[in-house]
Structure formats: C-alpha cells, structure tokens
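Asker: The sequence shown begins at 5 in my numbering and counts up by one. Pasting a structure here, questions to come.
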Amino acid sequence: MDCIFCKIVSGQIPTKTIKETLHSMAFLDAFPLSKGHTLVIPKNHHVKIQDMSDEENSDLFSLVHKVLTKIDKLTGATLVAIHNGKEAGQEIPHIHVHLVPRTSGDSAGAIHSMFKHVKFSDLEIEEIYNKLK
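Right, dumping it as structure tokens:
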C-alpha cells in the first residue's frame, strides 16, 4: 500500500509524534496551517470513520480529546476537522483528524464560509430528517 500515513505508522517516514496509543497516533502536520497543527490518525488503514471498529473509533477520539486539550492551550481555540471521504475533500484516503489552532486574525472563516448558501424546501428537510432518524 502506498499510503503516506501507513508509512508514518510503520516508521518509514519520520514524524514529530506527540502521543501514541495502541490504535492511534498524533503528530505535527508536515504542511501546517498554523503553529501546532496536528493530525490524529488510526494506525490501521481506514478511509472513513465508519470503517473503523468501535474500539479503534473510541481510541482515536480519546486521543483527539487528550491532544486537543494541549493544543487548545496554544491559542485558546482549535478547529477540529475531518474530511470523511474523497467527496468531502479528503486528499489522503486514510482517516485523519486535523487539530488546527485558531486565532481571531488568522483569516480562516467559519464552516459556513466554505460553502455557497443552499436553501431546502420544508419537504426536502422532512425527507432528509426521516432518512436520518
């Protein structure tokens, strides 16, 4: 497999590891968007969150919680972002959680600034709601 994150897990590519658990690891992003930008990944290769086992999921988000507490101390605010699949903007097909320290003057906006405004009818909203509940 030619996955950069799998190569990091196996030690083929060196990284600045912050913390590691049985199923997950956190390390500084090689192309940071801000000081302290960290990635948290499962050690096993999975493309989407729902592909992970319950144990791996729990381990991953427990590590996110632990590392987030430290990263949030850098600026007081951290963007937590996951692109869950290619269509969601995932560039590397291995699930990874971005922890990006934010400041008020960093020029990045809220999630709603990433999308064009979309209006759904009441019927469409009801249909989506019924599918999801």
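In this text, a Cβ means the ideal position worked out from N, Cα and C, and glycines have one as well.
Tell me the DSSP secondary structure of ILE99 in three-state form.
Answerer: Here ILE99 sits in coil by DSSP.
Asker: Under 8 Å, do VAL44 and VAL71 count as touching if we go by C-beta distance?
Answerer: Going by C-beta atoms, VAL44 is nearer than 8 Å to VAL71.
Asker: Based on the DSSP output, what are the partners of PRO18 in its beta bridges?
Answerer: According to DSSP, which records beta bridges pairwise, PRO18 is partnered with nothing at all.
Asker: Look up THR82 in the DSSP assignment and say whether it is helix, strand or coil.
Answerer: Strand at THR82.
Asker: What are the boundary residues of the alpha helix (DSSP H) that LEU127 is part of?
Answerer: Element bounds for LEU127: 126 to 136.
Asker: Alpha carbon to alpha carbon, what distance is there between ILE129 and SER28?
Answerer: Cα to Cα, the separation comes out at about 37 Å.
Asker: Assuming ARG106 contacts LEU83 under a Cβ cut-off of 8 Å, what Cβ separation, rounded to an integer in Å, is found between them?
Answerer: That belief holds up - the Cβ atoms of ARG106 and LEU83 are roughly 5 Å apart, short of 8 Å.
Asker: Just verifying my parser: in three-state terms, what is the DSSP assignment at THR73?
Answerer: THR73 falls in the helix class under three-state DSSP.
Asker: State buried or exposed for MET118, treating a residue as buried only when at least 16 other CB atoms are found within 10 Å of its CB.
Answerer: Burial call: exposed.
Asker: Evaluate GLY40 with the Cβ neighbour count: other Cβ atoms within 10 Å of its Cβ, from every protein chain shown; 16 or more gives buried, anything less gives exposed.
Answerer: GLY40 comes out buried.
Asker: For SER66, which option in GLU24, ASN88 and HIS87 has the closest C-alpha, if you only look at C-alpha atoms?
Answerer: Answer by Cα proximity: GLU24.
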